[in-house]
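Take the sequence shown: its letters are residues 153 to 415, numbered as in the numbering used here.
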Amino acid sequence: MSDQAALFRGLHRGGAVLVLPNAWDAASAAVIEAAGARAIATTSAGVSWANGAPDAQGLTRERMVAAVARIVAAVRVPVTADIEGGYGDVAATVRAVIEAGAVGVNLEDSGGTPLLSPKDQARRIVEARAAADAAGVDVFINARTDVYLVGIPGDQPAEVEERARVYADAGADGLFVPGLLDLDVIARLAGGPLPLNVMAGPGAPAVAELAAAGVARVSVGSAIAQSAYACAARAAAELLGAGTYDALADGLDYGALNAALST
Numbered sequence: 153m154s155d156q157a158a159l160f161r162g163l164h165r166g167g168a169v170l171v172l173p174n175a176w177d178a179a180s181a182a183v184i185e186a187a188g189a190r191a192i193a194t195t196s197a198g199v200s201w202a203n204g205a206p207d208a209q210g211l212t213r214e215r216m217v218a219a220v221a222r223i224v225a226a227v228r229v230p231v232t233a234d235i236e237g238g239y240g241d242v243a244a245t246v247r248a249v250i251e252a253g254a255v256g257v258n259l260e261d262s263g264g265t266p267l268l269s270p271k272d273q274a275r276r277i278v279e280a281r282a283a284a285d286a287a288g289v290d291v292f293i294n295a296r297t298d299v300y301l302v303g304i305p306g307d308q309p310a311e312v313e314e315r316a317r318v319y320a321d322a323g324a325d326g327l328f329v330p331g332l333l334d335l336d337v338i339a340r341l342a343g344g345p346l347p348l349n350v351m352a353g354p355g356a357p358a359v360a361e362l363a364a365a366g367v368a369r370v371s372v373g374s375a376i377a378q379s380a381y382a383c384a385a386r387a388a389a390e391l392l393g394a395g396t397y398d399a400l401a402d403g404l405d406y407g408a409l410n411a412a413l414s415t
């Protein structure tokens, strides 16, 4: 596990952007790995939906950890877990995902009014780092700030920069700023104390543009899961309506998908 942790940490260095197509179950993780992903990141929304719960901590810690364990078992590359706001007890959650085999976590600062104060989030990062150190695993803590996602008023870049400094001092290893797509602001924040992770999707700058702006890590959140469920919705509507099967034409080969889960 230490080797996986070192490998994952190293993927944030060296200049090559780390691209993480987010997975939500063992099969999605396996096909993402087969596509060439160097690591697997979970999406809390996708994991929640696959387990019959809404996002935003609608899932219990135990069910989230069980999903992470299945994903870890299905792939050979490092796995980082989206632990949302920590499910109440951040240290307990970090210990649990380490036991499941994860070597990274995303920990968000949502949950306050509307965000936790930098001081309160820093305290939680300290707890996460202490739990990882006690477990003997050099977990990569990606501190997520939702300044842009929730639309905090005022000077948003300055707010993110202040949070980045506080989170870095508390022991965070990376900064995740979902909702930010302005390349000039991205370049500004990429010069801060932590490697920058942004969430991309349709309409966002291409990975090469984000990399040129200094981004270290690109993920897509729940977008792939949403696309998969959209395919299921279209196929079901077509089958139940017209009674035809065109939406099923581009499915993955049965043998290839089966083989991805047989290794």
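Glycine included, C-beta positions come from ideal geometry on N, C-alpha and C.
Straight-line gap, residue i to residue j (C-alpha atoms, nearest Å)
i: residue 175; j: residue 376; result: 8 Å
i: residue 316; j: residue 342; result: 10 Å
i: residue 283; j: residue 243; result: 5 Å
i: residue 260; j: residue 198; result: 16 Å
i: residue 349; j: residue 278; result: 20 Å
i: residue 266; j: residue 298; result: 9 Å
i: residue 366; j: residue 166; result: 12 Å
i: residue 319; j: residue 326; result: 9 Å
i: residue 331; j: residue 154; result: 32 Å
i: residue 379; j: residue 184; result: 14 Å
i: residue 359; j: residue 313; result: 23 Å
Beta-bridge pairing of residue i - partner residues as DSSP gives them
i: residue 194; result: 175
i: residue 369; result: 170, 349
i: residue 294; result: 258, 326
i: residue 267; result: 262
Residue i - DSSP class collapsed to helix/strand/coil
i: residue 326; result: strand
i: residue 262; result: strand
i: residue 275; result: helix
i: residue 411; result: helix
i: residue 289; result: coil
i: residue 233; result: strand
i: residue 406; result: helix
i: residue 162; result: helix
Closest by C-alpha distance to residue i, when choosing among the options
i: residue 237; options: 300, 382, 268, 192; result: 268
i: residue 397; options: 206, 314, 384; result: 384
i: residue 163; options: 256, 184, 301, 387; result: 256
i: residue 200; options: 339, 190, 218, 337; result: 218
Residue-level contact to chain C via CB, residue i, 8 Å cutoff
i: residue 373; result: Absent here is chain C; the protein component of the structure consists of one chain.
Buried or exposed by the 16-neighbour rule on C-beta atoms within 10 Å, applied to residue i
i: residue 400; result: exposed
i: residue 410; result: exposed
Any non-hydrogen atom of the ligand FMN within 7 Å of residue i CB
i: residue 377; result: This structure does not include the ligand FMN; it has no bound ligands of any sort.
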